[in-house]
Every structure is written in structure tokens, then in C-alpha cells.
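Student: For the sequence shown, my numbering assigns the number 13 to the initial residue and increments by one for each residue that follows. Even glycine gets a Cβ: it sits at the ideal position worked out from N, Cα and C.
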Amino acid sequence: MRPQWMEGRKRWRERLGPDPLEGRRHWRRRHRHRGLRRRLNGAFTLVAIFAVFLTSFGTLQAVRQTQAQLQRCLALEPSARPAYCNVQSDPFEESSPNNPSGERSSGLSFRVWGGSVGRSSLFAALISGALASLVAALMTHRITAPLSRLADAAQRLSSGERGIQLALPRTKDEIRDLTLSFNNLVSGLETQEAWRRTLVADVAHDLRTPLAVMRAELEALQDGVTAPDTAGLERLHARLLGEVLHLARLVSDLNTLSQAEGGALSLDLRPLELKGFLSTLHAAYLPRAERAGMDFALEVARTELWVRADPDRLNQVLYNLLDNAVQYAASGANPTLELGCGLEDDHALVWVRDSGPGLRPEVLEQIFERFYRGDASRGRAHPQGVDLAGQSSKKANSGLGLAIARALIRAQGGELWAENGAQDGAVFKVRLARAQG
């Protein structure tokens with residue numbers, strides 16, 4: 013095989029990547045929608061072919077006319093020839109036996125040819141230019157009209173208008189893809205803006221409540237409503253300390269969430285053996301589950317199962333899931349709690365299952381949003397329903413626990429989601445990438 017062929021083959025394999033099949037699929041996806049380019053190329057190619065055909069046709073007609081005129085000129089006597097047949101003799105051309113008069117039949121032919129072909133070529137060029145201009149004008153209008161609408165909509169969007177949705181072109185080409193992307197962008201901006209307003213309102217609410225409590229306690233002490241004795245100061249100290257800790261936890265949770273979602277969180281990813289890790293976590297959390305009156309079971313794989321994760325962050329996530337399970341399942345009859353791990357599609361799977369009220373299907377994703385407020389998200393087995401992330405919890409929380417848990421798992425290359433159990437209760441599953449021990 014020649015060296016240049018080998019070099020070209022090597023470059024092609026590099027473009028396809030480590031998986032040639034996936035590389036070809038990527039190439040097909042990249043070149044799938046080229047409708048506008050194909051239409052432009054096809055239109056101007058047809059114009060060029062038509063121009064060549066028209067010019068060739070005119071040239072052939074001129075050749076036939078030239079031959080006929082030349083034959084008529086040569087058939088006539090020189091004195092009887094029309095004006096267009098009069099050709100000045102070439103002083104540099106000597107007379108020959110075949111041309112005793114010194115006239116050049118080639119000059120005559122050239123003159124007749126020049127007149128006919130020149131007119132035909134000029135006519136063909138004018139027709140081709142007019143046709144090309146017409147096709148270019150039509151194609152330019154079809155291209156620039158939706159682009160002008162997009163530019164106008166973008167200007168309206170930048171001026172603060174929302175709810176803009178443009179009609180999609182009928183042809184499946186790049187303009188349609190661009191219009192669809194613009195509509196999706198507007199919808200995404202509306203969702204983000206609504207989420208931002210809700211987030212600001214929820215943060216303001218969570219900050220306002222402890223600040224109002226602290227202000228009321230201090231004003232009560234200042235106005236003499238609370239006696240400045242030892243018992244009063246101890247109660248004030250305990251109340252203020254609790255509210256300050258709540259504020260500190262809220263700020264810390266917001267900071268952790270922003271770092272995890274922004275990719276700025278420092279992680280110590282390393283191989284971690286899940287069986288021993290979960291056994292240690294089970295032993296540490298067992299006293300708390302027993303105090304809540306729950307039967308805490310551990311279900312792990314029989315063989316070692318290694319994953320790539322940050323032990324501290326994974327421990328934080330699982331503690332949060334266990335706390336939620338204890339909070340909402342401990343009040344039922346014979347409450348149970350299960351922590352386990354296993355294999356699923358060549359991935360490691362960790363789950364936390366409880367026997368409490370299940371999750372309503374429509375909120376299985378919403379519970380992972382920041383400050384989600386849905387008082388009936390856990391309502392399948394409870395007459396009123398309780399919320400996994402709402403304000404009805406027995407202990408004060410920032411409403412960011414599940415959002416932080418998902419962000420931490422995604423930062424480690426995994427995924428966290430919720431399901432309803434086969435009987436009752438909720439199941440939270442964590443998928444992690446396997447690693448070599």
C-alpha cells in the first residue's frame with residue numbers, strides 16, 4: 013500500500029474516532045439536514061446547465077446559418093454579392109491557383125461567422141443572465157424572508173418581549189432547524205425566568221422567616237417582654253442559635269449547589285468498594301433508624317463491587333436520602349428502611365427504599381427541583397399526602413437536599429432518580445460507573 017494512501021486512511025480513522033460505527037453515525041447526523049444547501053446547489057447547477065445548453069444551441073444554429081450564407085456568397089459572382097459578403101483582400105496573402113482573385117474564403121467565413129455567432133452568443137448570454145438573476149432573486153427571497161423574521165423576533169426578545177413563537181417553514185432544511193432552535197430558546201428562557209423568580213421568592217422567604225424570628229426575640233428583650241434573667245437569656249440564646257444555624261445551612265446549601273452545577277466543586281474521585289462502604293454506612297446509621305422505630309436492612313452484592321466516586325460526597329448523598337426516608341416512613345405501621353447495591357446493565361446501582369407513602373407520578377422529577385413546594389407529592393398511601401421536600405418536615409431544612417444530591421451524583425458522572433416501589437413506599441436509585449479495584 014502506498015504511503016499517501018496509508019496516511020489518508022490513518023487520518024480517516026482519526027476522524028471516525030475509537031468507534032468507527034459511532035463515528036459514521038455522527039457523520040451521518042452531522043450531514044443529515046442539508047436541504048437549503050442542496051436546493052441552492054441544485055438551482056444554480058440547473059441554471060448553469062441551461063446556460064450552457066442555450067449557448068450551445070445558439071452556436072449550432074449560428075454555424076448552420078453561417079454555412080448557408082457562405083454557400084450563397086460563394087455561389088454568386090463577386091459583383092453580385094451582398095454587402096456582408098464583401099471582404100477586403102489581405103495584402104499579405106499572395107494569389108494562388110485556387111484563389112486567383114486574392115480573396116480569402118476564410119476571411120469571408122470569419123466575417124459571416126462573427127456576425128451570426130456574436131449575435132447568438134450575446135442573445136444566449138442575455139437570456140442566461142436574466143434567468144440566473146431571476147433564480148437568484150427567488151432563492152434569496154426564500155432565504156432572507158425567514159431570516160428577517162428571525163432577526164425581528166430576536167430584536168423583540170432582546171427588548172423584553174416573551175412568548176414569541178415563529179411558524180416553522182414547511183421545508184425540512186437549515187432554516188427550519190434554526191427557527192425550531194429559536195422557539196426552543198424562547199421557551200427555555202421563559203422557563204428559566206419563571207424558575208429564577210420562584211427561586212428568588214423562595215430564598216427570600218427562607219431568609220425572611222429566621223430573620224423575623226430573631227428580630228422579634230431581640231425586640232422582646234429590648235422592650236422588656238422577655239426578662240433578662242438566666243432562663244430568658246438561655247431561651248433567647250437557644251432560639252437565636254437555631255435560626256442562625258438554619259441561615260448558615262441555607263447559605264452553605266446554595267453554595268454547594270451552585271458549585272456542583274457549575275463544575276467548580278472539588279471532588280476526590282477514586283475507586284471505591286461499595287460493599288464495605290455501605291456496610292460502614294449501615295452500621296453508623298442503624299442507631300438513628302432504631303430510635304425512629306424502623307427496621308433498617310442492608311442488601312449488598314455477594315462479591316466486591318467497585319465504583320469511581322468521591323466517598324465523602326457519596327456519603328453525604330446517601331445520608332440525605334436516608335434522612336428523607338426516616339422522616340416520611342417512620343410514622344407508618346411496621347416501618348422499614350433498606351439500603352442496598354447491585355449491578356444493572358454493567359453499572360453499579362445503589363438504592364434507598366422505604367415503606368412510607370409513595371410519590372405521585374407527576375412529581376417524580378419535580379422533587380429534585382430547588383425549593384420544590386408540593387404538599388401532596390407523597391400521597392399514594394396517605395390520605396392527605398406529604399411532601400418530600402416541602403415545609404411539613406419535622407425539622408427545618410433548606411428545601412435543597414434532593415437538588416444537591418442529584419447535582420453531586422451528576423458531578424461524579426452518575427445519575428439519581430426516584431421511583432415508586434412495587435407495593436408501597438419510594439425508592440431512590442443512584443447509578444454509578446464501575447471501576448477496577
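If you follow the alpha helix (DSSP H) that phenylalanine 194 is in, where does it begin and where does it stop?
Tutor: 186–235
Student: What are the complete alpha helix (DSSP H) segments, minimum 4 residues, inside the region 310–347?
Tutor: 323–341
Student: Count the other CB atoms within 10 Å of the CB of proline 395; is the residue buried (16 or more) or exposed (fewer)?
Tutor: The predicted position of proline 395 is uncertain, since its pLDDT is 34 and thus under 50; a value taken from the coordinates is nonetheless stated next. Counting Cβ neighbours within 10 Å, proline 395 comes out exposed, since fewer than 16 surround it.
Student: Any idea if phenylalanine 454 is buried or exposed, counting beta-carbon neighbours within 10 angstroms, 16 or more meaning buried?
Tutor: Residue 454 is absent from the structure shown; the chain starts at 13 and stops at 449.
Student: Under 8 angstroms between C-beta atoms, does alanine 345 make it to chain C?
Tutor: Looking at the structure shown, chain C is missing, and only one protein chain is on hand.
Student: Leaving aside the five residues before and after alanine 304 along the sequence, list all residues of the same chain whose C-beta is less than 7 angstroms from its C-beta, in chain order.
Tutor: Val338, Ala342.
Student: Report, in whole angstroms, the separation of the C-beta atoms of asparagine 332 and alanine 417, which I expect to be a contact under 8 angstroms.
Tutor: 5 angstroms
Student: Quick one: give me the first and last residue of the alpha helix (DSSP H) that aspartate 436 is part of.
Tutor: Note, aspartate 436: premise wrong, no alpha helix (DSSP H); not H, not E.
Student: Across which residues does DSSP place arginine 161 in a beta bridge pair?
Tutor: In DSSP, arginine 161 forms no bridge with anything.
Student: Within the continuous alpha helix (DSSP H) that includes proline 299, where are the two ends?
Tutor: 286–303
Student: Does the structure place the region 316–334 close enough to the region 372–386 that three or more beta carbon pairs sit under 8 angstroms?
Tutor: Touching, no.
Student: Along the chain, where does the alpha helix (DSSP H) containing leucine 259 start, and where does it finish?
Tutor: Note, leucine 259: alpha helix (DSSP H), 242–274.
Student: Could you check if aspartate 324 is buried or exposed, using at least 16 other CB atoms within 10 Å of its CB as the buried criterion?
Tutor: Within a 10 Å sphere around the beta-carbon of aspartate 324 sit fewer than 16 other beta-carbons, which makes this residue exposed.
Student: In this structure, does DSSP put arginine 446 in helix, strand or coil?
Tutor: strand
Student: Using a Cβ-Cβ cutoff of less than 7 angstroms, which residues in the same chain neighbour proline 181 once the five nearest sequence positions on both sides are dropped?
Tutor: Pro158, Ile187, Arg188, Thr191
Student: Would alanine 423 pass as a contact of leucine 279 if the rule is Cβ separation under 8 angstroms?
Tutor: yes
Student: Please classify isoleucine 421 as buried or exposed, where buried requires at least 16 other C-beta atoms within 10 Å of its C-beta.
Tutor: Isoleucine 421 is buried by the Cβ-count criterion.
Student: Roughly how many whole angstroms lie between the Cα atoms of glutamate 427 and phenylalanine 62?
Tutor: Rounded to the nearest whole angstrom, the C-alpha separation of glutamate 427 and phenylalanine 62 is 59 angstroms.
Student: Looking at the strands, I want to know which residues DSSP matches up with proline 283.
Tutor: Arg320
Student: Of the residues Pro283, Asn346, Ala272, which one's Cα is nearest the Cα of alanine 301?
Tutor: Asn346
Student: Does DSSP put alanine 239 in a helix, a strand or coil?
Tutor: The answer is coil: DSSP assigns alanine 239 none of H, G, I, E or B.
Student: Just checking, does the region 213–232 make contact with the region 245–265 on the three C-beta pairs under 8 angstroms criterion?
Tutor: The region 213–232 is in contact with the region 245–265.
Student: Taking the straight line between their C-alpha atoms, what separation do you get for leucine 277 and threonine 268?
Tutor: 8 angstroms
Student: Which same chain residues end up closer than 7 angstroms to alanine 419 when comparing Cβ atoms and leaving out the 5 residues on each side of it in sequence?
Tutor: Leu269, Ala272, Glu273
Student: From the DSSP secondary-structure annotation, give me the bridge partner or partners of histidine 359.
Tutor: Glu356
Student: Ends of the alpha helix (DSSP H) at leucine 420?
Tutor: 413–423
Student: Roughly how far, in whole angstroms, is the beta-carbon of histidine 359 from the beta-carbon of arginine 443, given that I think they are within contact range, below 8 angstroms?
Tutor: That pair is a contact at about 5 angstroms.
Student: Quick one: what does DSSP say arginine 154 is sitting in, helix, strand or coil?
Tutor: Taken through DSSP and simplified to helix, strand or coil, arginine 154 comes out as helix.
Student: By DSSP's criteria, leucine 351 is part of a beta bridge. Which residues make up the other side?
Tutor: Beta bridge pairing from DSSP links leucine 351 with Leu310, Val364.
Student: Going by the DSSP bridge assignment, what does glutamate 381 pair with across the sheet?
Tutor: Per DSSP, none; premise fails for glutamate 381.
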